[in-house]
Structure formats: structure tokens, C-alpha cells
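Asks:
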Amino acid sequence: MLPLPPHLLSLERVSIYQSRRDRRTPGRIIDGDMEEIELLIGGGAWFEYQGQRLLLESGHMLWHRGGERTVHEALPNDPYRCLVVGFRIKGHDGQPPPRLAAWRDAAAAVAFAEDLVVAFHRGDVDRRLLCAWAYTTCRWQAHAAGPSRANPVLPPALRRALQIIAGQFTEELDLPRIASNAGISCPHLHALFRQHLGSTPAKVLEERRLRQARRLLAEADLPISDIAAASGFRDAVSFSRAFKRRQGMTPSVYRRRYSVPEAGGAESRDT
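Numbering (my numbering), first residue to last: 34 to 304.
(1) Please go through the stretch 161-238 and give each complete alpha helix (DSSP H) segment of 4 or more residues, from N-terminal end onward.
(2) Note down, in chain order, each residue of its chain lying with its Cβ closer than 7 angstroms to the Cβ of Arg121, except the 5 sequence neighbours on either side.
(3) Can at least three beta-carbon pairs, one atom from the stretch 86-103 and one from the stretch 141-156, be found at a separation below 8 angstroms?
(4) Less than 8 angstroms separating the beta-carbons of Gly119 and Glu69?
(5) Would you mind stating whether Glu106 and Ile63 have Cβ atoms separated by less than 8 angstroms?
(6) Does the beta-carbon of Ser264 have 16 or more other beta-carbons within 10 angstroms, so that it is buried, or is it exposed?
(7) For Leu72, does the three-state DSSP call read helix, strand or coil?
(8) So, is Val151 buried or exposed, given that buried needs 16 or more other C-beta atoms within 10 angstroms?
(9) Looking only at its chain, what residues have a beta carbon closer than 8 angstroms to the beta carbon of Leu87, apart from the 5 residues adjacent to it on each side?
(10) To the nearest angstrom, how far is it from the Cα of Ala261 to the Cα of Ala275?
(11) Please return the same chain residues whose Cβ sits closer than 7 angstroms to the Cβ of Arg54, not counting the five positions on each side in sequence.
(12) Quick one: what's Arg102 bridged to in DSSP?
(13) How close, in whole Å, do the beta carbons of Val47 and Phe202 come, if the pair is a contact with beta carbons under 8 angstroms?
(14) Give me whichever residues DSSP pairs with Phe120 in a beta bridge.
(15) Would you tell me roughly how many angstroms separate the C-alpha atoms of Lys277 and Ile74, rounded to the nearest one?
(16) If you follow the beta strand (DSSP E) that Phe32 is part of, which residue opens it and which one closes it?
(17) Go ahead and pull the three-state DSSP assignment for Gln245.
(18) Where does Gln128 fall in DSSP's three states?
(19) On the criterion of 16 or more Cβ atoms from any shown chain inside 10 Å, does Val293 qualify as buried, or is it exposed?
(20) So the candidates are Ala194, Asp268, Pro38 and Gln245; which of them puts its Cα closest to the Cα of Leu222?
(21) Specify the secondary structure class of Pro284 as computed by DSSP and reduced to three states.
(22) Consider the Cβ of Tyr82: report whether some Cβ of chain B lies at a distance smaller than 8 angstroms.
(23) DSSP three-state call for Leu149: helix, strand or coil?
(24) Where do the N-terminal and C-terminal ends of the beta strand (DSSP E) with Ala134 fall, by residue?
(25) Measuring straight from C-alpha to C-alpha, what distance separates Leu249 and Gly156?
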């Protein structure tokens, strides 16, 4: 069985909330012995966060703690719908998740909400296992989202830059092109990445390419040179150099360690 975090006692509430078209509601203040998640699965809402008025849409997740207020302002023409998950707690998590995160895949958030509601209202479900699954799934999504291009906390220009990297990393994409398409200068682009992500555009672009390469090395029986090209690297030499610098091993070693062996012991191609 999945272990529960030490401060987590039980899963108390799972429901779907549909906001009204009158736009504003008082919202709720979370009790001190509860943590509550609101995961938007439709419509939209406004939310005040860190001095900003943010538009939340499907896939955005709020993680409330004691004394914090829930979402309370829906879009007048598209009121939000959200999954509400309440955990009873004792004490506090030593490493709390961020208050606001965005699932990378909004459709996956909707599917999770549907599955959790059905499971919670079954009579034969193991509640501790369900509690652990719900909590760790949401924690993982908050962690995996990282500097998501869907995160409304990030400045619009930075979100555009991340969207460009995510959609065009396999092409001959350089920093001037990213900055130009995002509508800002290269120095401004660097400043935004340093301030909000603690990184540089070049590092984020390289990591996105390496993520693609790691997946292909584990899943596809392609030559290293083809994987380099499919991941946006100029050639196999620059790919191998970047890969070893970031992973501490060559692409061939990574492939042997993480790919599923062929039946009969056939070797995959490493050239």
C-alpha cells in the first residue's frame, strides 16, 4: 500500500462543484485541520494570487490550506466547474506543494476527476489507498508541471516563449527567434528566465530536447544520429556531448540501462 504523508489523516471530501452564472460567490475559508484542492475541469474563473488577478482555466489546480479562501469569481459567460478534494490533516507538510499549479494535460485532469469521484463514492473502495493515490497524483502533477507554459503566474511574454520552445524545439530554434516570436528583446528574454525560472532560455531549450531524446532512447530502436535529429540537435556529436554533460552517461549507456531488451537478446542500434 502507498504510505500516507505523516501529516495526512484521511480523504474527507470528493465532489464536483459547478459555479453559478451570477459570477461572484463568497467562497469558503478552509478549516485549520484541512487541506483542499480545487482542480478546474471546465469554464473559467478569476483568482487573486500574489497581487495578480489571474484567469484560471481547465487544468489549473489550487491547493488551499487552513485560513485560505477558495475560488469565488467565475467568468460570467463561462462559469467554472471544478473537482473539490478535501484532506483531513494533523500538523503541516514539511515541503508543501505550491498554491497554484497547472496540469500539463487538461484532458488528463478531467479524466482524473471523473475516476476519483466514481471511486470515492463506491462502497467497497480502500479509502486509505484512494487517499494516497489522490494526494500523490496531485502532488506529482504540481511537481511535474514545473515552469509550465500554462501557469498564469508567469508573465505573458515568458509563457509565449515557453510555448514556442515546447512547440518548436525540434526545429532550428535559436534565442533571437524565440525572443522575436515572443515579442521581446533577447536581454529581456534572459531577464525573465532568470527572474521567474532561475534558468536561461538555452538551458530550458536544451532540457526540452534532452527529454525528447531520453524518451526515444528508451522506446525507439533508432540510430543515435536519428534521435539527435528528431530531438532538435544539430548533429550526433553535439547531442552526445550535451547528453553526457547533463545525464552523466552517454546516450548508448542510457539506452542499455532503460530500454526494454528485445526478445532473444537482439541489440538496439547505437550508431
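All C-beta atoms in this analysis are idealised placements derived from N, C-alpha and C, irrespective of residue type, glycine included.
Replies: Quick look at the numbers:
(1) 189-201, 208-215 and 219-230, all fully within the stretch 161-238.
(2) Contacts found: Leu42, Ser43, Glu45, Asp66 and Met67.
(3) Contact between the stretch 86-103 and the stretch 141-156 is established, with three or more Cβ pairs separated by less than 8 angstroms.
(4) Cβ atoms of Gly119 and Glu69: closer than 8 angstroms.
(5) Between Glu106 and Ile63, the C-beta gap is not smaller than 8 angstroms, which leaves the two residues out of contact.
(6) In summary, Ser264 is buried, with 16 or more beta-carbon neighbours lying within 10 Å of its beta-carbon over all protein chains present.
(7) Here DSSP, grouped into helix, strand and coil, assigns Leu72 to strand.
(8) With fewer than 16 other Cβ atoms inside 10 Å of its own Cβ, Val151 counts as exposed.
(9) So the qualifying residues of the chain are Trp79, Phe80, Glu81, Leu133, Pro185 and Val186.
(10) Distance between the alpha carbons of Ala261 and Ala275 is about 11 angstroms.
(11) These residues qualify, in order along the chain: Pro109 and Pro112.
(12) In DSSP, Arg102 forms a bridge with Ile62.
(13) At roughly 37 angstroms, the Cβ-Cβ gap does not stay under 8 angstroms, so Val47 and Phe202 are not in contact.
(14) Answer is Leu44 and Glu68.
(15) About 40 angstroms.
(16) The structure shown does not extend to residue 32, since the chain is modelled only from 34 to 304, so the question has no answer here.
(17) Collapsing the DSSP output to three states places Gln245 in a helix.
(18) In this structure, Gln128 counts as coil in the three-state DSSP scheme.
(19) By the neighbour-count rule (16 or more Cβ atoms within 10 Å), Val293 is not buried but exposed.
(20) Per the Cα distances, Ala194.
(21) Judged by DSSP in its simplified three-state form, Pro284 adopts helix.
(22) Among the protein chains of the structure shown there is no chain B, as only one such chain exists.
(23) In the structure shown, Leu149 sits in a helix (DSSP, three-state: H, G or I).
(24) Start and end: Leu133 to Ala135.
(25) Computed Cα separation, rounded: 42 angstroms.
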